[in-house]
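Structure first, then comments.
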């Protein structure tokens, strides 16, 4: 059970479009990733530069946007690389006002996510802090390669996400959880 006093520290007192979590259940989904790092040579299509864009410049056909990535040593986290927290939240609010959902994506190809038993609450609190700070509507699991089964990831992540989802259900909100499966893991489907 999460401690309401700890959660209250993170509660965003601002009421804006980023405070709402759009309900995308039953809708056709077109999801794309938005990268939170500067464009560098050889990272884009055919080793070119990818286009840097604001969240608000993503074509409206994408009704779910996954912000890449929540990562780091210990409990993974996120910080916009080129915007203030308030400016980033304003962009999330603009997408939410259009009925689009913005998720934080956990992991990525180069992320070393290593969670251990006993970190469930800390991870849940960090996810809630990010949701309250930036207005995210859920979390996309993008654990690749060995990160899926590394350490206690297979038990800590689901336990933390259950706590987060249950917390937002008590708030009358639908916290979205999605997953981007890596090709080798689809062989048994």
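Residue numbers (full-length UniProt numbering): 1 to 189.
We treat Cβ as the ideally placed atom computed from N, Cα and C, and that holds for glycine.
Asked: How long is the line joining the alpha carbons of residue 97 and residue 18, rounded to whole angstroms?; Found: 8 Å
Asked: From what residue to what residue does the alpha helix (DSSP H) around residue 86 run?; Found: 85-97
Asked: In chain order, what are the residue ranges of uninterrupted beta strand (DSSP E) at least 3 long that sit wholly in the stretch 101-139?; Found: 101-108
Asked: Just how far apart, CA to CA, sit residue 139 and residue 51?; Found: 24 Å
Asked: Is DSSP giving residue 77 helix, strand or coil here?; Found: strand
Asked: Quick check on residue 29: does DSSP put it in helix, strand or coil?; Found: coil
Asked: According to DSSP, is residue 57 helix, strand or coil?; Found: helix
Asked: In the DSSP output, which residue or residues are listed as bridge partners for residue 141?; Found: 106 and 179
Asked: If I follow the unbroken alpha helix (DSSP H) through residue 163, where does it start and stop?; Found: 153-170
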